[in-house]
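Student: This is the structure, below, for whatever I ask next.
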Amino acid sequence: MRKNILILTVISAVVMVNSQNIVDDADIDVATIEPETLSAKSSSEPSFSKSKRILATKIYSQHQKTFYGGCDYEIVDNRLIPIHDSCGFHYRKNLKRASRIEWEHIVPAWFFGHNLDCWKRGGRAECRRVSPEFKRMEADMHNLAPAIGEINGDRSNFPYGNIRGERREYGRVDMEIDFSQKLAEPKRNILGDIARVYLYMRDRYGLKLSHEDEQRFIEWNNRDPVTRWERKKNLLVKEYQGDDNIYISQYRKIDELRPIPTEGGGEESFSDVKRDLEERFKPLFELLPKPIATILLFIIAIIIFFRKRK
Numbered sequence: 017m018r019k020n021i022l023i024l025t026v027i028s029a030v031v032m033v034n035s036q037n038i039v040d041d042a043d044i045d046v047a048t049i050e051p052e053t054l055s056a057k058s059s060s061e062p063s064f065s066k067s068k069r070i071l072a073t074k075i076y077s078q079h080q081k082t083f084y085g086g087c088d089y090e091i092v093d094n095r096l097i098p099i100h101d102s103c104g105f106h107y108r109k110n111l112k113r114a115s116r117i118e119w120e121h122i123v124p125a126w127f128f129g130h131n132l133d134c135w136k137r138g139g140r141a142e143c144r145r146v147s148p149e150f151k152r153m154e155a156d157m158h159n160l161a162p163a164i165g166e167i168n169g170d171r172s173n174f175p176y177g178n179i180r181g182e183r184r185e186y187g188r189v190d191m192e193i194d195f196s197q198k199l200a201e202p203k204r205n206i207l208g209d210i211a212r213v214y215l216y217m218r219d220r221y222g223l224k225l226s227h228e229d230e231q232r233f234i235e236w237n238n239r240d241p242v243t244r245w246e247r248k249k250n251l252l253v254k255e256y257q258g259d260d261n262i263y264i265s266q267y268r269k270i271d272e273l274r275p276i277p278t279e280g281g282g283e284e285s286f287s288d289v290k291r292d293l294e295e296r297f298k299p300l301f302e303l304l305p306k307p308i309a310t311i312l313l314f315i316i317a318i319i320i321f322f323r324k325r326k
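Letter 286 of the sequence shown, counting from 1, is numbered 302 in this note's numbering, and no numbers are missing.
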């Protein structure tokens, strides 16, 4: 009896701590205009809420359209509300999130955060609390764009790629998401925009991209040149944030990327998850017989590994 209680205690402790890494960040990303006057550049440290305010009132006030669908939106009581009829959008499942604008991280917060120690301890919320490095990346306005909340939620942290077929789940909005493959395919005329943001984040923060991703983004950059709005947004972000995306301001077709020191980024393997659990909860596992501890560690690692990807 005592052994069963001990096993249940270990499972509960491990899953509860790690479940913080899978929190729903929908409310964090909601596009509201908070009463904040400082810009991201003039503040002592970056803040996602300050960036959201600047984006809504200073930058996208000149281009009130969503990133994925080109849908118009309006500001009502300090909230950004999409106008569905302007783009033929129809919600798939979640009407609540479909009825609001959220700030989409083109490079997902999970991608640039999940390998940080703070994320392993307590997910995005913990990193926002203790990590200046994470807060800089989360608040970077080059990486933020308005999106209808349901699309932002459905895309989750899925990478971009090509999906066979043209199954439209959002009315006339050209955005496909394959939940089984964990893949998102946006419309063709923003592929270059996406590529240039990823390459900027790679250079700016040393994010690790796979060789396949680098080649894909080079191709997208070359195939879909910089637009007038990209240039305008880049100048405005530089004014308020202080830095420039050279893949926009100095646009050119790319043959290969210059090497940079890379830290973080990429996807965490099953072995990484298992090793991290074993180190963090070693005292608890040592209380169990070794065969049971081994099996238990393997089962919990599988649960955490797939929950992170979900």
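Cβ coordinates follow ideal geometry from the N, Cα and C atoms, glycine included.
Just so you know, these numbers come straight off a predicted model, no measurement behind them.
1. Looking at C-alpha atoms only, which residue of Q257, L252 and P241 is the closest neighbour of Y263?
2. Taking only three categories from DSSP, how would you classify V31?
3. Measuring only the C-alpha atoms, how far is F233 from R184?
4. Just curious, the alpha helix (DSSP H) that A200 is in, first and last residue?
5. Going straight from the alpha carbon of E279 to that of I270, what length do you get?
6. Under a three-way DSSP split, which group does K224 fall into?
7. Output the residue ranges of the beta strand (DSSP E) runs that lie fully inside the stretch 103–182 and measure 3 residues or longer, sorted by chain position.
8. Using the C-alpha atoms, what's the distance from R108 back to G165?
9. From the DSSP output, in three-state form, read off E272 for me.
10. I'd like to check one pair, I210 with W236: are the Cβ atoms closer than 8 Å?
11. Shortest alpha-carbon distance to N168 belongs to which of L312, M217 and H121?
12. Which of the three DSSP states, helix, strand or coil, is assigned to Y214?
13. What residue from R188, P202, M217 and K249 has the CA that sits closest to S102's CA?
14. Exposed or buried, what is H79 when buried is set at 16 or more other beta-carbons lying within 10 Å of its beta-carbon?
15. Between I70 and Y256, is the Cβ-Cβ spacing less than 8 Å?
16. Closer than 6 Å by C-beta to P190: which residues in its own chain qualify, once you throw out the five before and the five after it? Chain order, please.
17. Using alpha carbons as the reference points, say which of G258, F150 and N250 lies closest to Q266.
18. Taking 8 Å as the threshold (C-beta atoms), are I49 and M157 in contact?
19. Helix or strand or just coil, what does DSSP make of L303?
20. Assign T278 to one of three DSSP states: helix, strand, or coil.
21. Take I179 as the anchor and find which of I320, S172 and S196 has the nearest alpha-carbon.
22. Pick out the complete beta strand (DSSP E) segments inside the stretch 237–264, 3 residues or longer, and give them in chain order.
Tutor: Here's the rundown:
1. P241
2. Legend: pLDDT at V31 = 48, less than 50; position of this residue unreliable, no value from coordinates given.
3. 24 Å
4. Note, A200: premise wrong, no alpha helix (DSSP H); beta strand (DSSP E) at L199 to E201.
5. Confidence at E279 is low in this model, with a pLDDT of 44, below 50, so the placement of that residue should be treated as unreliable; the coordinate-derived value is given next. Rounded to the nearest angstrom, the two C-alpha atoms are 23 Å apart.
6. coil
7. 117–121 and 160–164
8. 11 Å
9. coil
10. yes
11. H121
12. helix
13. R188
14. exposed
15. yes
16. It is Asp, not Pro, that sits at residue 190 in the sequence shown. Answer for D190: K203, listed in chain order.
17. N250
18. no
19. coil
20. At T278 the pLDDT is 42, less than 50, meaning the model places this residue with poor confidence; the figure from the coordinates comes in the next sentence. Looking at T278 - three-state DSSP - the assignment turns out to be coil, as it is neither helix nor strand.
21. S196
22. none
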